[in-house]
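>
There are 2 protein chains.
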Amino acid sequence: MDTILVTHGKPRRLPRLEDVAELAGVSHQTVSRVVNNHPNVSTGTREKVEAAIAQLGYRRNTAARSLVTRRSQTIGVLGSELSQYGPANTMLGVERAARDAGYFVSVAALREVSRDAILDAVRHFLDQSVDGIVVIVPHLQTLAALAELPIGVPVVAVGPDGNEAVGGVRVDQRRGAELAVRHLIGQGHVRIGHVAGPQDWIDAVARADGWRATLASAGLAADLVIEGDWSAGSGYEIGRRIAATRRATALFVGNDQMALGVLRALNEAGIRVPQDVSVVGFDDQPEAGYFSPPLTVVRQDFEELGRRCMQMMLTAFDGAEGPRTLVVQPELVLRSSTAPPA
Amino acid sequence: MDTILVTHGKPRRLPRLEDVAELAGVSHQTVSRVVNNHPNVSTGTREKVEAAIAQLGYRRNTAARSLVTRRSQTIGVLGSELSQYGPANTMLGVERAARDAGYFVSVAALREVSRDAILDAVRHFLDQSVDGIVVIVPHLQTLAALAELPIGVPVVAVGPDGNEAVGGVRVDQRRGAELAVRHLIGQGHVRIGHVAGPQDWIDAVARADGWRATLASAGLAADLVIEGDWSAGSGYEIGRRIAATRRATALFVGNDQMALGVLRALNEAGIRVPQDVSVVGFDDQPEAGYFSPPLTVVRQDFEELGRRCMQMMLTAFDGAEGPRTLVVQPELVLRSSTAPPA
DNA sequence: GACTGATTTGTGAACGCTAACAAGAGGCTC
DNA sequence: GAGCCTCTTGTTAGCGTTCACAAATCAGTC
């Protein structure tokens with residue numbers, strides 16, 4: 001076989017199995033066995049081969065391996081709003097678990113959430129022949145879009161409940177809403193409003209449902225709800241409207257950003273938090289403890305969510321029949337934005 | 343050749359060049375030429391082949407292609423703190439530009455910023471044989487770590503100036519600091535403090551330098567500087583100390599999160615912003631306009647930064663001798679957290 | 001020492017694609 | 001119509017792995 005040409009001390013071609021085999025005095029197949037930890041290799045040969053691998057700095061070629069095994073060792077992460085705290089940390093959780101398990105992580109971010117954009121991204125991943133896809137697109141339309149394409153690899157989605165085709169990993173949002181509303185009820189609030197997230201988001205619907213159900217079970221009216229778009233700006237606008245009407249003494253807000261906007265609007269209107277109105281947020285991003293006042297929130301562990309996705313993915317790879325849905329529990333973090341009504 | 347077995351309407355094996363060739367009545371090489379847009383294919387054959395491709399739903403196999411071309415069509419993005427506004431959006435900018443250019447994006451997030459973690463991630467990418475690496479690790483140590491490994495593919499780093507080995511794309515942080523400080527000086531402030539980011543971050547050093555230089559050129563003292571860790575919590579602690587000493591009438595804060603903490607501390611201490619103290623932040627994350635009070639900031643366009651990285655990468659692929667450093671300009675956004683001193 | 005079974009190693013053929021070259025078809029000039 | 005281009009198409013040989021199978025080696029048993 002040809003030698004590895006050397007120019008200026010740098011190998012001109014990366015070493016391959018054959019090169020290692022020659023140096024160790026064995027066949028390429030034996031080297032392959034060592035690299036793949038096959039059991040039936042004698043200790044002597046294994047050591048010879050490992051020495052040769054170290055000497056040449058051999059690393060196996062992913063493309064060649066993929067070509068024959070039909071596996072790419074790659075997980076596709078399909079996400080939207082990836083610059084936001086929740087999705088970003090979920091992605092990081094997936095990345096961490098995936099890399100620890102020896103997988104590469106390929107990312108595709110949706111510019112806008114639509115059927116076509118989702119299908120396009122999935123096709124992108126199929127072109128790359130990923131071994132599985134994690135979907136962080138917490139919209140109601142997502143599952144339907146995914147069902148359209150015969151994907152052929154395991155899919156795990158964050159947010160919805162799983163079904164036969166798609167695994168689901170989610171935080172128990174209804175429970176989170178319940179924690180928040182029960183806390184307010186416990187403080188003596190009776191008129192508890194909700195600043196909801198956009199109702200085409202799975203989580204926004206679940207939080208609103210939880211808010212409604214908890215009030216109902218306490219015999220309280222659930223009539224004050226306004227829908228925002230998750231942004232601080234929309235929270236601000238809604239806060240101004242709420243300040244004008246003054247119908248609630250407590251607000252359960254769908255996320256921390258909107259809560260920030262609400263606090264700002266109430267502050268401008270001279271309404272004190274928590275003396276006049278209590279506010280609870282959702283997510284617990286790192287800044288929430290430094291709002292004015294520090295925000296009582298429902299905390300969810302996004303990284304854990306991501307790790308669970310990967311865990312479910314690995315179960316699917318094993319062919320084992322795992323659970324269709326994994327649920328992570330949120331918790332309530334008390335700060336000074338909530339107090340009994342005056 | 344063998345037929346594509348069909349079970350339950352689903353192809354058991356994906357179609358390959360050969361299958362398309364047979365259906366179109368040409369050789370596999372001709373199909374390859376069509377797929378790769380080679381010029382010398384007659385219109386008639388091209389149409390026949392395209393019809394066959396459409397009929398079979400053919401997509402070319404990335405692994406096989408990579409094996410022979412020695413290119414993976416993949417860009418590695420190596421990042422730290424990817425859940426934060428700036429890095430996350432930079433990554434999204436890279437992703438967008440990369441996918442538009444037909445590349446896959448592989449992500450590796452550093453758990454902690456250290457030489458070993460960086461080398462490990464780079465090796466991860468080399469195993470995947472990425473065509474290029476974008477590094478979003480804005481620490482001083484990054485460049486040195488990268489220099490240790492013979493990487494063999496183009497590298498573009500966000501933050502530092504470029505050199506022969508590594509391309510650099512950055513926002514002009516000194517200029518940003520200058521904009522902020524000049525604005526405060528223009529309002530009549532004389533005692534202007536700085537809440538700095540951690541000084542092992544490239545940007546933190548540049549912003550502090552800009553603050554110092556601008557004050558010096560105006561003949562003002564640059565003696566009040568305290569270093570934080572970018573978090574709202576550290577901003578809060580620093581804000582408390584500042585509130586106790588009352589030496590400055592204006593503060594240039596290294597990022598928006600710390601500014602949030604500072605605002606909180608000042609508010610608790612009964613110091614009014616901007617009447618008693620003016621505050622300027624840095625980054626302009628979407629929430630900054632809804633702090634109490636809305637924050638005057640230096641805005642940087644992180645997505646643009648990411649796009650430029652990819653642009654520089656593509657230039658490097660072409661073998662063209664492009665610029666070693668690309669610089670993006672920040673801008674000042676005026677809100678109500680700054681006013682002339684009382 | 002031949003016979004068995006297990007363990008260890010080697011051989012050849014894919015995997016699906018592109019690169020390099022060869023060959024055929026068609027048009028032009030003389 | 002021979003000669004020479006140019007344009008289009010086909011043939012063959014890898015790229016670096018793994019898989020399926022065959023061959024060789026090694027104990028242990030009668």
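As you go down the protein sequences, you meet chains E and B in turn.
Counting from 1, one number per residue, gives the positions in the first sequence under my numbering.
Counting from 343, one number per residue, gives the positions in the second sequence under my numbering.
Every residue, glycine too, gets a C-beta built ideally from N, C-alpha and C.
What you are looking at is a predicted structure, and each value in this text was computed from that prediction instead of being measured.
#1: CA-CA distance, E/ALA177 and B/THR411?
#2: Ignore the nearest five residues each way along the sequence and tell me which others in B/LEU676's own chain have a CB closer than 7 Å to its CB.
#3: If you pair each beta-carbon of the segment 269-281 of chain E with each one of the segment 46-56 of chain E, do three or more pairs fall below 8 Å?
#4: Is the distance from the Cβ of B/PRO502 to the Cβ of B/ARG516 below 8 Å?
#5: Where does B/LEU306 land, buried or exposed, given buried means 16+ other C-beta within 10 angstroms?
#6: Between which residues of its own chain and B/PRO357 is the CB-CB distance below 8 Å, once the five residues before and five after are set aside?
#7: Could you name the residues that DSSP lists as bridge partners for E/TRP201?
#8: For E/GLY289, which residues from the same chain have a beta carbon less than 8 Å from its beta carbon, with the 5 sequence-adjacent residues on both sides left out?
#9: Can you list, in chain order, the residues of its chain with a C-beta nearer than 8 Å to that of E/GLN338? Leave out the 5 residues immediately preceding and following it.
#10: If E/GLN350 sits next to E/ALA232, beta carbons under 8 Å apart, how far is it from one beta carbon to the other, in whole angstroms?
#11: Report the start-end ranges of each beta strand (DSSP E) in the segment 609-666 of chain B that is 3 residues or longer and not cut off at the edges.
#12: Drop a sphere of 10 angstroms on the beta-carbon of E/GLN300, count the other beta-carbons inside from all chains shown, and report buried for 16 or more, exposed for fewer.
#13: Determine which residues share a DSSP beta bridge with B/TYR448 and list them.
#14: Hey, which unbroken runs of the beta strand (DSSP E) at 3 residues or more fall wholly within the segment 185-272 of chain E?
#15: Quick one, which of B/ALA558, B/HIS531 and B/GLN415 has its alpha-carbon nearest B/ALA684's?
#16: With DSSP run on the structure shown, which of helix, strand or coil describes E/VAL327?
#17: Counting only beta-carbon atoms, is E/PHE104 nearer than 8 Å to chain B?
#18: Just to check my reading of the structure: E/ARG324 and E/ASN163 have Cβ atoms closer than 8 Å, yes? What is that Cβ distance to the nearest angstrom?
#19: Just grab the DSSP bridge partners of E/LEU126 for me.
#20: Run through the segment 473-519 of chain B for me and flag every whole alpha helix (DSSP H) of 4 or more residues, listed as ranges in chain order.
#21: Could you run through the segment 617-632 of chain B and flag, in chain order, every residue whose CB is less than 8 Å away from some CB of chain E?
#22: Can you tell me whether B/LEU674 is helix, strand or coil according to DSSP?
#23: Which of the three DSSP states is assigned to E/HIS38 in this structure?
#24: Could you pull out every residue in the same chain whose Cβ sits closer than 7 Å to the Cβ of B/LEU434, ignoring the five residues on either side in sequence?
#25: Hey, how far is the Cα of B/THR432 from the Cα of E/ARG191?
#26: For B/MET652, I'd like the list of residues in its chain whose CB is within less than 6 Å of its CB, leaving aside the five on either flank, ordered along the chain.
#27: Just by C-beta distance, which residues in the segment 257-272 of chain E are closer than 8 Å to chain B?
To lay it out plainly:
#1: Along the first sequence, one-based indexing puts residue 177 of chain E at 177. Along the second sequence, one-based indexing puts residue 411 of chain B at 69. Answer to the nearest angstrom: the Cα atoms are 54 Å apart.
#2: Numbered from its first residue, the second sequence carries residue 676 of chain B at position 334. Correct list, in chain order: THR638.
#3: no
#4: The count along the second sequence starts at 1 and reaches residue 502 of chain B at position 160. The count along the second sequence starts at 1 and reaches residue 516 of chain B at position 174. Contact flag unset, no.
#5: Since the first and last residues shown for chain B are 343 and 684, residue 306 of chain B lies out of range.
#6: Position 15 of the second sequence, counting from 1, holds the residue named residue 357 of chain B. Excluding positions up to five away in sequence, the list reads ILE346, LEU398, GLY399 and TYR400.
#7: Counting from 1 along the first sequence, the entry for residue 201 of chain E is found at position 201. For E/TRP201, which the question treats as bridged, DSSP gives the partners E/HIS139.
#8: On the first sequence, residue 289 of chain E is found 289 positions in, with the first residue counted as 1. For E/GLY289, where only same-chain residues beyond five positions count, the Cβ hits under 8 Å are LEU295 and ARG335.
#9: Within the first sequence, residue 338 of chain E is the residue found at index 338, counting from 1. Before going further, note that residue 338 of chain E is Thr rather than Gln in the sequence given. Closer than 8 Å at the Cβ level, and outside the excluded window around E/THR338, lie HIS183, LEU184, GLN187, ALA250, PRO274, SER278, VAL279, VAL280 and THR296.
#10: Nothing can be reported for residue 350 of chain E, as the shown portion of chain E is limited to 1 through 342.
#11: 620-625 and 638-641
#12: Along the first sequence, one-based indexing puts residue 300 of chain E at 300. Buried, by the Cβ-count rule.
#13: Locating residue 448 of chain B in the second sequence gives position 106, counting from the first residue. Per the sequence shown, residue 448 of chain B should be read as Ser rather than Tyr. According to DSSP, B/SER448 bridges with E/SER106 and B/GLY418.
#14: 192-196, 225-227 and 250-253
#15: As a position in the second sequence, residue 684 of chain B is number 342, starting the count at 1. Residue B/HIS531 is the option with its Cα nearest to B/ALA684.
#16: Here residue 327 of chain E refers to the residue found at position 327 of the first sequence. It is a strand residue.
#17: On the first sequence, residue 104 of chain E is found 104 positions in, with the first residue counted as 1. With 8 Å as the cut-off, E/PHE104 counts as an interface residue toward chain B.
#18: Position 324 of the first sequence, counted from the first residue, corresponds to residue 324 of chain E. Position 163 of the first sequence, counted from the first residue, corresponds to residue 163 of chain E. Confirmed, about 6 Å.
#19: Your numbering for residue 126 of chain E matches position 126 in the first sequence. Paired residue(s): none; E/LEU126 is not in a bridge.
#20: 483-490
#21: PRO628, GLU629, GLY631 and TYR632
#22: Here residue 674 of chain B is taken as the residue at index 332 of the second sequence, counted from 1. In this structure, B/LEU674 counts as strand in the three-state DSSP scheme.
#23: Numbered from 1 along the first sequence, position 38 holds the residue referred to as residue 38 of chain E. In the structure shown, E/HIS38 sits in coil (DSSP, three-state: anything other than H, G, I, E or B).
#24: Here the question's residue 434 of chain B lines up with position 92 in the second sequence. Around B/LEU434: GLU645 and GLY648.
#25: Residue 432 of chain B sits at position 90 when you count from the first residue of the second sequence. Residue 191 of chain E sits at position 191 when you count from the first residue of the first sequence. Each residue's Cα considered, the two are about 43 Å apart.
#26: Here residue 652 of chain B refers to the residue found at position 310 of the second sequence. Around B/MET652: VAL436, ALA439 and ALA440.
#27: GLN257, LEU260, GLY261, LEU263, ARG264 and ASN267
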